[in-house]
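Take the sequence shown: its position 26, counting from 1, is numbered 82 in the working numbering, and each next residue is one higher.
Positions of the beta carbon are idealized from the N, C-alpha and C atoms, including for glycine.
All of these numbers come straight from a predicted model, not from anything done at the bench.
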Amino acid sequence: MNFFYKINKNKKSPLFETMNLLGKHGIILERFSSLATDAYRSAFLELKGYRTQVMEFIDMEHTPKNILIKAIYEGRVKNEEKKREEYQKFLDFLGIDPILQ
């Protein structure tokens with residue numbers, strides 16, 4: 057799942073309307089997209105009953121993609137309605153429709 061291509065393809069999304077500077081330069085949008093992908097993954101796991109923790113895995117000196125998502129299955133979703141609403145607002149802001157819902 058590569059959000060960069062999906063985000064970059066939809067120039068009419070609220071992201072480009074409100075934060076045009078992110079989309080102006082490809083490298084900045086690519087790095088933002090990488091972080092957005094990790095935020096999506098964490099939120100998606102939480103909606104499936106996992107407690108997540110996002111942390112630095114390897115020092116930035118070695119790799120720019122160094123985020124680890126630790127997920128522990130709890131089987132229940134705390135504040136499900138609020139989390140689902142935040143999740144959907146995030147996707148709407150990015151202007152994407154991911155495969156996993």
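What ranges does the alpha helix (DSSP H) occupy inside the stretch 67-139, keeping only unbroken runs of at least 4 residues that lie completely in it? Correct list: 70-74, 76-80, 82-103.
Buried/exposed call for Tyr61, threshold 16 Cβ in 10 Å: Along the sequence shown, one-based indexing puts residue 61 at 5. Exposed, by the Cβ-count rule.
Can the beta-carbon of Lys126 be found closer than 8 Å to that of Met111? By 1-based counting over the sequence shown, the position of residue 126 is 70. By 1-based counting over the sequence shown, the position of residue 111 is 55. Yes, they are a contact pair.
Given Ile152, which residues of its chain have a CB within under 8 Å of its CB, disregarding the five upstream and five downstream residues? Position 96 of the sequence shown holds residue 152. Phe59, Lys62, Ile63, Asn66, Ser69.
Please name the residue, chosen from Thr108, Ile128, Pro154, Leu150, that lies closest to Glu73 on a Cα-to-Cα basis. For this step, residue 73 is matched to residue 17 along the sequence shown. For Glu73, the nearest C-alpha among the options comes from Leu150.
Exposed or buried, Leu85, counting other C-beta atoms within 10 Å across all chains shown (16 or more means buried)? Along the sequence shown, one-based indexing puts residue 85 at 29. Answer is buried; the Cβ neighbour count reaches 16.
Should Asn135 be listed as close to the ligand FAD, given that the test is whether its C-beta is under 7 Å from any heavy atom? Although the ligand FAD was asked about, the structure shown includes no ligands whatsoever.
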